[in-house]
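Step one of this worksheet: look at the structure below.
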Amino acid sequence: GENVEQHPSTLSVQEGDSAVIKCTYSDSASNYFPWYKQELGKRPQLIIDIRSNVGEKKDQRIAVTLNKTAKHFSLHITETQPEDSAVYFCAAYQGTNAGKSTFGDGTTLTVKP
Amino acid sequence: EAQVTQNPRYLITVTGKKLTVTCSQNMNHEYMSWYRQDPGLGLRQIYYSMNVEVTDKGDVPEGYKVSRKEKRNFPLILESPSPNQTSLYFCASSFSREKTQYFGPGTRLLVL
Numbered sequence: 072g073e074n075v076e077q078h079p080s081t082l083s084v085q086e087g088d089s090a091v092i093k094c095t096y097s098d099s100a101s102n103y104f105p106w107y108k109q110e111l112g113k114r115p116q117l118i119i120d121i122r123s124n125v126g127e128k129k130d131q132r133i134a135v136t137l138n139k140t141a142k143h144f145s146l147h148i149t150e151t152q153p154e155d156s157a158v159y160f161c162a163a164y165q166g167t168n169a170g171k172s173t174f175g176d177g178t179t180l181t182v183k184p
Numbered sequence: 813e814a815q816v817t818q819n820p821r822y823l824i825t826v827t828g829k830k831l832t833v834t835c836s837q838n839m840n841h842e843y844m845s846w847y848r849q850d851p852g853l854g855l856r857q858i859y860y861s862m863n864v865e866v867t868d869k870g871d872v873p874e875g876y877k878v879s880r881k882e883k884r885n886f887p888l889i890l891e892s893p894s895p896n897q898t899s900l901y902f903c904a905s906s907f908s909r910e911k912t913q914y915f916g917p918g919t920r921l922l923v924l
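Residue numbers (this note's numbering), protein chains in the order written: chain W, 72 to 184; chain D, 813 to 924.
Here you go:
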């Protein structure tokens, strides 16, 4: 089955700096890759996603890049703010089992004011 | 208000006592899914449903059952709960797997 590895597990940055979280996946048939943000005690929320026919997608301060050959995708947050502090999860949806998803273990991002 | 609801929100039970966690959405979503979240392990998919009467296993289906008799409801059934099923459970729904998935508020389960 699919295996998703997420790094780093914790990340601390200064306000205004950039943050990068990387995920690798094992199943080359995976074709949909969402990112979720989960604040403490709350439910996960989708922040950005990318499909396998796209190399990069941007939404204001957040961007995601996908390298299908290397089977990795990354979340980039620029100009970080304290409210960006949360746990971030990547996920990969398998093309063969269309509804099946595998999540990374999460990255705890702390943005210091 | 568009939402995914789960009940109960908190549950303490004993080993072997059957329980059901309900999940309901009012957004006419076709895709629904159950996850469990444990510290350090992220979210792990238990079961998912692409549409009514269509369900399939996720990565950790053992010890769980689901049904999808109507579009809005997707209950999670633990026939004989065990302590290793103590976890935080989330239900989620979306129009399709590549559309925004909305999560319910979560159900915190403790099995003694």
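Glycine included, C-beta positions come from ideal geometry on N, C-alpha and C.
**OP:** Can you check DSSP and say which residues form a bridge with A157(W)?
**Re:** Taking the first sequence and counting its residues from 1, one reaches residue 157(W) at position 86. DSSP output for A157(W) lists L180(W) as bridge partner(s).
Subject >> Check whether L853(D) and D98(W) have beta carbons under 9 Å apart >> reply: Reading the second sequence from its first residue, position 41 is the one you call residue 853(D). Reading the first sequence from its first residue, position 27 is the one you call residue 98(W). No, the pair does not count as a contact, with Cβ atoms beyond the cut-off.
Subject >> Selection from V158(W), G170(W), H78(W) that minimises the alpha carbon distance to L117(W) >> reply: Translated into positions along the first sequence, residue 117(W) becomes position 46. Residue V158(W) is the option with its Cα nearest to L117(W).
Subject >> Contacting positions in the stretch 145 to 177 of chain W - beta carbon closer than 8 Å to chain D >> reply: F160, A162, Y164, N168, A169, G170, K171, S172, T173, F174, G175, D176, G177
Original post:
By Cβ distance below 7 Å, which residues in the same chain neighbour S156(W) in space, the five residues on each side in sequence not counted?
Top reply: In the first sequence, the residue the question calls residue 156(W) occupies position 85. Result list for S156(W): L180, T181, V182, in chain order.
**OP:** Taking C-beta pairs closer than 9 Å, name the residues in chain W that Y822(D) reaches, listed in chain order.
**Re:** Taking the first residue of the second sequence as position 1, residue 822(D) is located at position 10. The premise fails here: Y822(D) is roughly 13 Å from chain W at the closest Cβ pair, so nothing lies under 9 Å.
Original post:
Would you report the Cα separation of Q849(D) and A169(W), rounded to the nearest angstrom?
Top reply: Position 37 of the second sequence, counting from 1, holds the residue named residue 849(D). Position 98 of the first sequence, counting from 1, holds the residue named residue 169(W). Looking at the two C-alpha atoms, the distance is approximately 22 Å.
Subject >> Neighbour list for E865(D) in chain W, Cβ cutoff strictly below 8 Å >> reply: Counting from 1 along the second sequence, the entry for residue 865(D) is found at position 53. Residues of chain W passing the Cβ test: none, with the nearest at roughly 14 Å.
Original post:
For a contact meaning CB atoms closer than 8 Å, what does Y103(W) contact in chain D?
Top reply: Position 32 of the first sequence holds residue 103(W). Ordered by position in chain D, the residues that pass the 8 Å Cβ test against Y103(W) are R909, E910.
Subject >> Of the listed residues S892(D), N840(D), F886(D), D868(D), nearest to T825(D) (C-alpha basis) >> reply: Position 13 of the second sequence, counted from the first residue, corresponds to residue 825(D). Measuring from the Cα of T825(D), the nearest candidate turns out to be S892(D).
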